[in-house]
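Structure record follows, encoded as structure tokens.
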Amino acid sequence: MAGGLFGRVREALFPSRKAPVQSTTQAGQVRERKYGGNTKAMATAYGVSPRTVLRWIDGSRHPTKHHQEKLRLDALGVQTTERGRERKARQLAQRGAVSGVTARVGRTRTFEIQGSDAVRARDIHLTLSGEQAAALARAEDEGDVREVIGEALADYFNGGGGYAGFTAEDFEYDVDDFDLS
43 MAGGLFGRVR EALFPSRKAP VQSTTQAGQV RERKYGGNTK AMATAYGVSP RTVLRWIDGS
103 RHPTKHHQEK LRLDALGVQT TERGRERKAR QLAQRGAVSG VTARVGRTRT FEIQGSDAVR
163 ARDIHLTLSG EQAAALARAE DEGDVREVIG EALADYFNGG GGYAGFTAED FEYDVDDFDL
223 S
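For the sequence shown, position 178 matches number 220 in my numbering, and the numbering has no gaps at all.
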């Protein structure tokens, strides 16, 4: 499974669109699909020489640990098109209050409500609305994902949409203690 919060969300929402495992395939797909086949543009984005990108693609070199995660996330990102993400978002939004997408946020030692030290050890299980799930399908990066999950946490602790008090900014959680299904 791809690392990072964004990668895990993308793989959960688009299970048939896994990133390739081989770094040579990842590099080739990223160059073609994200950079339009432009080796120099990809090299600039990664801060390496064009020759290094070509070596990643032909397999004579492998990306350093520094570049592996970025390449894996980029490869995952190019597996779905903008049109495909929008189609999935529309489908999820039509489901209404219960999308069928759930999230688990670990609260043990990683979950804080700002201004309060009183945190009990338990997981928070969220049932995302169709709009929240659609926003995850449209997410472009980890910041977008964090915002949607923060809003879902605020809804959970506010007792639904009819109450107020908590906002998305009130919640922080460990991205490694998070699952989406």
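Ideal placement from N, C-alpha and C gives every residue a C-beta, glycine not left out.
Check, Outcome
"Is there contact between the region 78-88 and the region 140-150, where contact requires at least three CB pairs shorter than 8 Å?", "no"
"So, at 6 Å on beta carbons, what are the nonlocal neighbours of Gly-207 in its own chain, with the 5 sequence-adjacent residues on each side left out?", "Asn-200"
"Taking DSSP as the reference, what is the three-state secondary structure of Phe-199?", "helix"
"According to DSSP, is Phe-106 helix, strand or coil?", "A small fix is needed here, since residue 106 is Thr in this sequence, not Phe. Thr-106 falls in the coil class under three-state DSSP."
"With 16 as the cutoff for other CB atoms within 10 Å, does Ala-179 come out buried or exposed?", "buried"
"Count the other CB atoms, across all protein chains shown, that sit within 10 Å of the CB of Ser-65; report buried if there are 16 or more and exposed otherwise.", "buried"
"Excluding five sequence neighbours on each side, which residues of the same chain lie with their C-beta closer than 8 Å to the C-beta of Arg-73?", "Gly-79, Asn-80, Thr-81, Met-84, Val-95 and Ile-99"
"Pull up the DSSP beta-bridge partners for Ala-145, would you.", "Leu-168 and Leu-222"
"Suppose you measure from the CA of Ala-210 to the CA of His-104; what does that come to, to the nearest Å?", "39 Å"
"For Ser-65, report the span of its alpha helix (DSSP H) as first-last.", "65-75"
"For the putative contact between Arg-52 and Leu-113, defined by C-beta atoms under 8 Å, what is the C-beta separation to the nearest angstrom?", "At roughly 15 Å, the Cβ-Cβ gap does not stay under 8 Å, so Arg-52 and Leu-113 are not in contact."
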